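Line by line, the protein sequences are chains A and B.
Be aware that the first sequence starts at 4, since it is given in the numbering used here, and climbs by one per residue.
Be aware that the second sequence starts at 945, since it is given in the numbering used here, and climbs by one per residue.
Every residue, glycine too, gets a C-beta built ideally from N, C-alpha and C.
Everything numeric in this text was worked out from a predicted model, so none of it was measured.
Below: one structure, written as structure tokens.
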Amino acid sequence: MPAGVEAAARDGNLTLTGIVQYGPQRTAAEAAVAGLTGVRNVKDDIEIAWDADPFDVSLLVQDALDRYALIPDDSDVAVDTHGNTVTLAGHVRTWAEHDAVIGAAWMAGGVFGVRDDLHVTG
Amino acid sequence: MSRRLSKGDTAMGYGHAERNLALIRQLQAETRALLCTLEQPDPEHSAWLQGVASSERQAVHQRRRDKHLSHSADRARSLLRCGVLIPIAAGNITRATIALTTAGLPSGLAGERQTAASSAMKGYKKMGKAKDIHEAVGAELDFDPLVNAAGITVKNMNGQVALNGIVSSYPQYLEAAAAAQRVAGVTDVHNHLEVVLPDGDYRDDAMLTTAANNALTLNVPCRPVLRRPPGTAT
């Protein structure tokens, strides 16, 4: 785990603080402590620091979606980045596809947040 | 099983009569195959059935028979529900019913089919899936070995599922939401579960802080959990 991520417990509720570069590092930190005995909840206050160009982020995410097997070629999912928040809009058929799209957006460097405007058609 | 009319299909299209008949034939064949398997107990079962008293054996056999029959009845019903049988002329349905009866089904079941067919004839309406989703989420929570479903109550509001009650650990809290999420028809999960730790699992603040910081130092990021727990900001 990157140095600087710390945990503090209060009555079984863990709060994670620190700075990382990628979203998945943050979720990995959550996963590392989630299974400990005595944990009742995990609050993730880890910050993501990265100086990224929103245009590059959109491009990287869009390319990732094009590579993914779960996402059909005619997918209408649109990637839009403002500041460090990626907004995903469009239709996905399944929750598996939904998760793959959200996962791809988090994977790009410098993404602080992902706004989920996806519609699961089912 | 879900089969629905694909885009562009009309309920009255004449061309579909043949396809529908083919479906009915397939259903007949499946029913016959199911009934065949009923006659000959599968080897796996017969091994332990040796040790069971004959009256019990009969009960088990009956249960198995019921299960198979209800399966085929369900299948027929779902075909009806999906509107597959609707476009067929009434004459064809009668023929199908007769054919199903001759396939060796008890008359009660054939009657049930007929009622289902005639009620479907009255007007095709998409059946509410509300009850199904509620049941399916409950079944999935029971099925998932990582969740103790005993303390959980499920509420379904049009695909929006709410989980209430208690679980005994945080991973169960996460897994319950994930289990509900993967059921077909669920659009959103509201996780109102509360983690109530068993006495033996309670750790005081200092101990838990140390344990968590150790875990953070000792762990290398590995297969990150992508879905964030519902209720936390993304």
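Per DSSP, the continuous beta strand (DSSP E) segment holding aspartate 83 (chain A) begins and ends at 81-85. In the DSSP assignment, methionine 1151 (chain B) falls within the unbroken alpha helix (DSSP H) covering 1149-1162.
At a cut-off of 8 Å between beta-carbon atoms, proline 1115 (chain B) makes contact with chain A. Judged by their CB atoms, leucine 1152 (chain B) and glycine 41 (chain A) are nearer to each other than the 8 Å cut-off.
By the Cβ rule, the stretch 967-974 of chain B does not count as touching the stretch 52-59 of chain A, because fewer than three pairs are nearer than 8 Å. About 4 Å separates the beta carbons of glycine 116 (chain A) and threonine 88 (chain A), which is inside the 8 Å limit, making them a contact pair. Glutamine 970 (chain B) is outside the set of residues whose beta carbon lies under 8 Å from a beta carbon in chain A.
Between threonine 97 (chain A) and valine 80 (chain A), the C-beta gap is not smaller than 8 Å, which leaves the two residues out of contact. With 16 or more neighbouring CB atoms inside 10 Å of its own CB, aspartate 47 (chain A) falls in the buried class. Distances from the CA of alanine 10 (chain A) to each of A:Val45, A:Gln24 and A:Val64 were compared; the closest alpha carbon is that of A:Val45. Under the Cβ distance rule, valine 104 (chain A) does not count among the residues neighbouring chain B, no pair being separated by less than 8 Å.
Cα atoms of tyrosine 1117 (chain B) and leucine 1137 (chain B): separation of roughly 7 Å, rounded to the nearest angstrom. Contact of glutamate 9 (chain A) with chain B by beta-carbon distance below 8 Å involves Asn1157 and Leu1160. Using a CB distance cut-off of 8 Å, glutamine 28 (chain A) counts as an interface residue toward chain B.
Look at the stretch 1131-1147 of chain B: the residues with a C-beta under 7 Å from a C-beta of chain A are Thr1131, Val1139, Leu1141, Asp1145, Tyr1146 and Arg1147. Against chain B, a Cβ distance below 8 Å from aspartate 14 (chain A) picks out Asp1149.
When rounded, the separation of the alpha-carbon atoms in valine 1139 (chain B) and alanine 1083 (chain B) is 21 Å. Neighbourhood of alanine 81 (chain A) in chain B, by CB distance below 8 Å: empty, with the nearest CB roughly 18 Å away. When Cβ-Cβ separations below 8 Å define contact, glycine 41 (chain A) makes contact with chain B. Below 8 Å, too few C-beta pairs join the stretch 1124-1135 of chain B and the stretch 18-25 of chain A to call them touching: fewer than three. No Cβ of chain B is located within less than 8 Å of the beta carbon of tryptophan 53 (chain A). Within the model, the alpha-carbon separation for threonine 30 (chain A) versus glutamate 50 (chain A) is close to 12 Å. Among the residues of chain B, those whose CB is under 7 Å from the CB of asparagine 44 (chain A) are Tyr1114 and Val1139, following chain order.
Closer than 9 Å at the C-beta level to chain B, one finds no residue of the stretch 66-93 of chain A. By alpha-carbon distance to proline 1115 (chain B), the top candidate from B:Pro1165, B:Asn1108, B:Val1091 and B:Gln1104 is B:Val1091.
Following the DSSP letters along the chain, one finds valine 45 (chain A) inside the beta strand (DSSP E) bounded by residues 44-51. Using a Cβ-Cβ cut-off of 8 Å, valine 36 (chain A) counts as an interface residue toward chain B, since at least one Cβ of chain B sits closer than that to its own.
Close CB contacts of tryptophan 109 (chain A) within its chain, under the 7 Å cut and outside five residues either way in sequence, are with Gly26, Pro27 and Val117 (chain order). Going by C-alpha positions, leucine 1107 (chain B) is about 14 Å away from valine 1127 (chain B).
For leucine 17 (chain A), the nearest CB of chain B lies under 8 Å from its own CB, placing it at the interface with that chain. Non-local beta-carbon contacts of aspartate 1088 (chain B) in its own chain, meaning distances under 6 Å to residues more than five positions away in sequence, involve Ala1123 in chain order.
In the displayed model, isoleucine 74 (chain A) falls within coil according to three-state DSSP, outside both helix and strand.
8 Å or more divides the Cβ of isoleucine 1077 (chain B) from the Cβ of valine 1111 (chain B).
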